[in-house]
Structures are given as C-alpha cells and as structure tokens.
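Residue numbers (this note's numbering): -19 to 506. Worksheet: the structure to be examined is printed underneath.
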C-alpha cells in the first residue's frame, strides 16, 4: 500500500513564495518598507520604516525629576534617531537606589548624580565599562580624552560620562555666550520700585532692604530659602567667600569647609536674618522646592534664595499677575568668592542587567553627539529654535523659562542625561534678560577648579562613610544655628557641629583628601 504524500509542505512553499512576491511588489511601489520584524518600528521623516524600537528601563535617582514618561515631540525624535524608547521610574526617596544596588535589582539604565551611588555603580560587577561597549558595538564613538579623564575610576575604566562638564577649550570657544549659572537671590522689582529702589551694594544694604519690606509689608515674608542647601546657602555663602560643605583649598592644602571662618560668618549672618524676623521658622521644615516656590508665586514672599535664573523662571509662572522680578547683583561684598569645582554631575550607567547593551551605548552616543545634545536640550532646529546670526547661541520660539512648556515638549530634561556644560549654558543665553545679566556677572567672578571636584572617596570606603556622616550631620544640625536665639547661641551651635565632625573623623578625612589631591593634580599636569 502506497503512503499518502502530504500536500501541506507544497502549499506552504507556494504561499511563502506568493507572499514574498507581494512584499517585493509593495516595496517597488511604495518605497522601502521591507522590514518584516514583528517588533514595534519607527518611521523616518519620509514615512519609511527604520529601526525596530527597543524599550529600555531607566531609573532616575532624582526625586524632583519632573518627567515620569518618555513622551512629547523631543522623546519621539530621540526614538526616531536611535530606535530606543525609555520606560521611566523616578526615585521616591534617596534610599531607593542604594537598596536596589545592594539587592542587585537594577534596571537597564540608571541615572544618578549622587557621588556615593556613582562610585557603587562604577564597578564591573554592577555596570559595563563604556569602553568595552564602544569597542564591541560603536567603534565610531569618539569621546574627548579630558571627558574620559574626569570620569575614569581607580580601576582605569570609565562607567559613565557625567553631564554638566566642559573642557577649558570648550568654554573658551564659547565664552561670549556660554555663561556660568549658580546661586542667586530673586526679589520683587515692583516692590523695590515702591520703596524707592534702594541700592544693594553691601550685605548691610541687603539686611536693611529686608527690614524695610518687613515694616512696609508686614504680611509678606522678607526672605524665603529654597530647601536645597546649595541654593539656600549659596548666594550668601559666596558673599562671605565660604564653601558650604566638603573640601576647600587653603594655602595649597585641602581642609573641610567647617574649619573655615568664612562658613561660620555665613551661618551667623543667616542667624541674624532669622532673629530679625526676615526668615520664618517653618522655612526649615520645607521638604521640596515647590513649597518654597509657592510662597513666591502666591505673592507672599519678597526675596527668594535660589538660582540666577529665578527671576525669569518665577516670572514665567506669574506672568498673569502684576508681580515683577529681578536678580540682586552677584557680588555685594568685598569677601565674595565663587569657585567652581564641577567635574560633571549626573551620569547614566549601563547595568549588567541591561537587556540590550548595544542599543544602550548607541543611545548614549547619540545623546552625547552635538546633534543629540542640541535636540534633547534645545529642541528641533528650525521649529523650536534658530541659531543667532553669528551662530553663537539658540533663539527659542517657545517659552524657555516655562517648566510647563518644556515638560509638555519633553525638552531639556532628557538632555541632562548627557549634555555638556557649555550647551546647557548656551541654552540660557537671551540678550537683556535678568538671567543673562546675572550669569554674565557671575561668570566674570568665577574660578574653575575641577581638580578639587575629583577628590572623591571610593564607594563604601571609610572616607565615604565619614563624608556622608559629616554631610548628614550638617543637614540635621545647621537649623540649630539658623534658629538660635542669640549670636552667642549660634556660635555654640556651630562649634558643636565642628566637634561632632571631629569625632566622626574629619581630621583623617582631610589627610586622605590631601593625598588624593596630589594624585589628581599630577594627572592634570600630564
């Protein structure tokens, strides 16, 4: 008896042949649409199918990060260019990432600007070194040697390239428009006008101004502090020549800021402002900047210790009111000092749990490129901005000062995953604004010392533990100085902070820092 021969294989072959022919015909009639991947695809500006979209999970270690989704026209363009979409998780508190690292439960990508977490993630057990991924997947990805130098760890590898850093050559090439931003104090200019526009040239003038506001506007808070210590203390600290925390150079050696008389003077001055009723006690209980900003946007505050862009940003949020805003002069003291220790801030780590390290490193290659930085930080050229006549800076077609507008577009924030300091600075340049005026003043007064910023202890080292303990102690104890009932009590509270830091090992930390500082300086002098 003969076996029956199945006709199914032949039928399948015919169907496949016909389907392939149909695809070829469609391709010849409708352009290049031949990608038969079953995944999600993106289309280029001509409607042609390009790369299959890869979704990578990104954890952002910033509780204040405003974007919870990778949405808006700028993320869409990034996906179009790279084939990558991001699934975003924003930290709920500062303990979340350390717990994730300890458990090994990490997503594809982690963005963090916290020194201790940067050190922990800069570990071959936790993250890929960028160089190994570049060698394997992106040999055309070239990174400036100085960027590599400031991100290289003790094992000789670099696991990220932090944002908000530029080389001296980049700053020099863009010095006309790339300006330093920093701490500043924003005040109500309409009230300044109402009280006669008093000149603010000294710290005494500032104190007098707050007194005038308290007298003439008793329902208004004269001075509101941003809850972030860097902003709260930043402007007043510069006037005394004080660093707020960490190491500072004195006579070629590093000492902790708590050792310096300038920091004590800053604290005593802020205590005087509190005792005069210019700062309210509840200010020291604020947990996020929205609480402080709401005081200003509601018209209840006169001066706000925040950033040099404060007048522009608060102005954008209060444009429907009669409130007007201005920045105080950058320097109102002969003791003024502004030193920039920045060697970068936030970095993106490609973890060993990453499901597609090739897509990840190519995403970072694009975001670090000039095209990628301009897109993510500024928007789409010709639509969202045009370059100035001399090509020096972007002129925006949208309200750059409005966080609401930026958030809806998805612009700026994703640029902070990789954007350098110069491109960030160029994005703030607008001729004649309060922000530009303040940044021009501050830039002319600032000294760049990135080598101090590179004196960072290894993760989980005793030096790291001591550094964290001292910083946490300052955060917990400094309110006792601010709210002391007398200058004598404020001095005792400051002395107590120094004693606690000494017990925590500040002296040994300084010894280690100076040894490390010599190593760093030697690398810079190569």
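Ideal Cβ placement from N, Cα and C applies to all residues, glycine included. Note that the coordinates shown come from a computational prediction; the quantities given were computed from them, not determined experimentally.
Open item on the list: Going by beta-carbon coordinates alone, are residue 166 and residue 307 separated by less than 9 Å?
Closed with: As a working mapping, residue 166 is identified with position 186 in the chain shown. As a working mapping, residue 307 is identified with position 327 in the chain shown. In this structure, residue 166 lies near residue 307, with their beta-carbon atoms less than 9 Å apart.
Open item on the list: Along the chain, where does the alpha helix (DSSP H) containing residue 512 start, and where does it finish?
Closed with: What the structure shows of the chain is the stretch from -19 to 506, and residue 512 is not part of that stretch, so it cannot be assessed.
Task: Endpoints, the alpha helix (DSSP H) within which residue 249 is located - done: As a first step, residue 249 must be located in the chain shown, where it is residue number 269. Run containing residue 249: 241 to 255, per the alpha helix (DSSP H) assignment.
Task: Of the residues 423, 327, 37 and 311, the one placed nearest residue 185, counting alpha carbons only - done: The residue you call residue 185 lines up with position 205 of the chain shown. Minimum Cα-Cα distance from residue 185 among the listed residues 423, 327, 37 and 311 corresponds to 311.
Open item on the list: Cutting at 7 Å between CB atoms, please list the residues of its own chain near residue 447, excluding the five before and the five after it.
Closed with: Position 467 of the chain shown, counting from 1, holds the residue named residue 447. The answer, listed in chain order, is 437 and 489.
Task: Simplified DSSP assignment, three categories, for residue 268 - done: Counting from 1 along the chain shown, the entry for residue 268 is found at position 288. If DSSP states are grouped into helix, strand and coil, residue 268 belongs with coil.
Open item on the list: Taking its Cβ as the centre, do 16 or more other Cβ atoms sit within 10 Å of residue 372, making it buried, or is it exposed?
Closed with: Taking the first residue of the chain shown as 1, we reach residue 372 at position 392. So residue 372 ends up on the exposed side.
Open item on the list: Counting C-beta neighbours from all protein chains within 10 Å, is the total for residue 375 16 or more, i.e. buried, or is it exposed?
Closed with: Translated into the one-based positions of the chain shown, residue 375 becomes position 395. Flag for residue 375 reads exposed.
Open item on the list: Suppose contacts are defined by Cβ-Cβ distances below 9 Å. Is residue 189 in contact with residue 283 by that definition?
Closed with: Mapped onto the chain shown, residue 189 falls at position 209. Mapped onto the chain shown, residue 283 falls at position 303. Closer than 9 Å, so yes.
Task: Own chain, CB closer than 7 Å to residue 419, minus 5 neighbours either side, in chain order - done: Looking up residue 419 in the chain shown gives position 439. These residues qualify, in order along the chain: 159, 160, 161, 288 and 408.
- [ ] Grab the span of the beta strand (DSSP E) containing residue 284 for me, first residue to last.
- [x] Position 304 of the chain shown, counted from the first residue, corresponds to residue 284. Looking at the DSSP string, the run of the beta strand (DSSP E) that includes residue 284 is 281 to 287.
- [ ] Grab the span of the beta strand (DSSP E) containing residue 66 for me, first residue to last.
- [x] Along the chain shown, one-based indexing puts residue 66 at 86. Note, residue 66: beta strand (DSSP E), 64 to 70.
TODO: Kindly indicate which three-state DSSP category residue 113 falls into: helix, strand or coil?
DONE: Here residue 113 refers to the residue found at position 133 of the chain shown. Residue state, collapsed to three classes: helix.
- [ ] Taking 9 Å as the cut-off, decide whether the C-beta atoms of residue 66 and residue 38 are in contact.
- [x] For the purposes of this step, residue 66 is identified with residue 86 of the chain shown, where counting begins at 1. For the purposes of this step, residue 38 is identified with residue 58 of the chain shown, where counting begins at 1. Yes, Cβ-Cβ distance for residue 66 and residue 38 is below 9 Å.
Open item on the list: Just verifying my parser: in three-state terms, what is the DSSP assignment at residue 205?
Closed with: Residue 205 sits at position 225 when you count from the first residue of the chain shown. In this structure, residue 205 counts as strand in the three-state DSSP scheme.
Task: Delimiting residues of the beta strand (DSSP E) encompassing residue 307 - done: Within the chain shown, numbered from 1, the residue matching residue 307 stands at position 327. Residue 307 -> beta strand (DSSP E) spans 305 to 307.
Task: residue 366, DSSP secondary structure in three states - done: Taking the first residue of the chain shown as 1, we reach residue 366 at position 386. Correct three-state label for residue 366: strand.
- [ ] Using the Cα positions of residue 385 and residue 322, report the straight-line distance between them to the nearest angstrom.
- [x] Reading the chain shown from its first residue, position 405 is the one you call residue 385. Reading the chain shown from its first residue, position 342 is the one you call residue 322. Their backbone Cα atoms lie some 29 Å apart in a straight line.
Open item on the list: Given the structure, does residue 175 come close to the ligand FMN, in the sense that its CB is under 8 Å from one of the ligand's heavy atoms?
Closed with: Among the components of this structure there are no ligands whatsoever, and the ligand FMN is therefore not found.
Task: Where residue 416 falls, given that 16 or more other Cβ within 10 Å makes a residue buried - done: Counted from its first residue, the chain shown places residue 416 at position 436. Its Cβ being crowded by 16 or more others within 10 Å, residue 416 is buried.
Task: DSSP three-state assignment for residue 425, whether helix, strand or coil - done: On the chain shown, position 445 is the one that residue 425 refers to. Here DSSP, grouped into helix, strand and coil, assigns residue 425 to helix.
Open item on the list: For the beta strand (DSSP E) containing residue 374, name the first residue and the last one.
Closed with: What you label residue 374 is simply residue 394 of the chain shown in a count that begins at 1. Note, residue 374: beta strand (DSSP E), 374 to 376.
Task: With 16 other Cβ atoms within 10 Å as the buried cut-off, status of residue 110 - done: Working through the chain shown from its first residue, we reach residue 110 at position 130. Label assigned to residue 110: buried.
- [ ] Identify whether residue -6 lies in helix, strand or coil by the three-state DSSP scheme.
- [x] Here the question's residue -6 lines up with position 14 in the chain shown. Residue confidence for residue -6 is low, a pLDDT of 37 falling below 50, so the modelled location carries little weight; the figure read from the coordinates is stated next. The answer is helix: DSSP assigns residue -6 an H, G or I state.
Open item on the list: Can you confirm whether the stretch 259 to 268 touches the stretch 137 to 147 when touching is taken to mean that 3 or more C-beta pairs between the two stretches lie within less than 8 Å?
Closed with: No, they do not touch.
TODO: Provide the residue span of the alpha helix (DSSP H) that contains residue 234, from first to last.
DONE: Counted from its first residue, the chain shown places residue 234 at position 254. Counting along the chain, residue 234 falls outside any alpha helix (DSSP H), though it belongs to the beta strand (DSSP E) covering 233 to 236.
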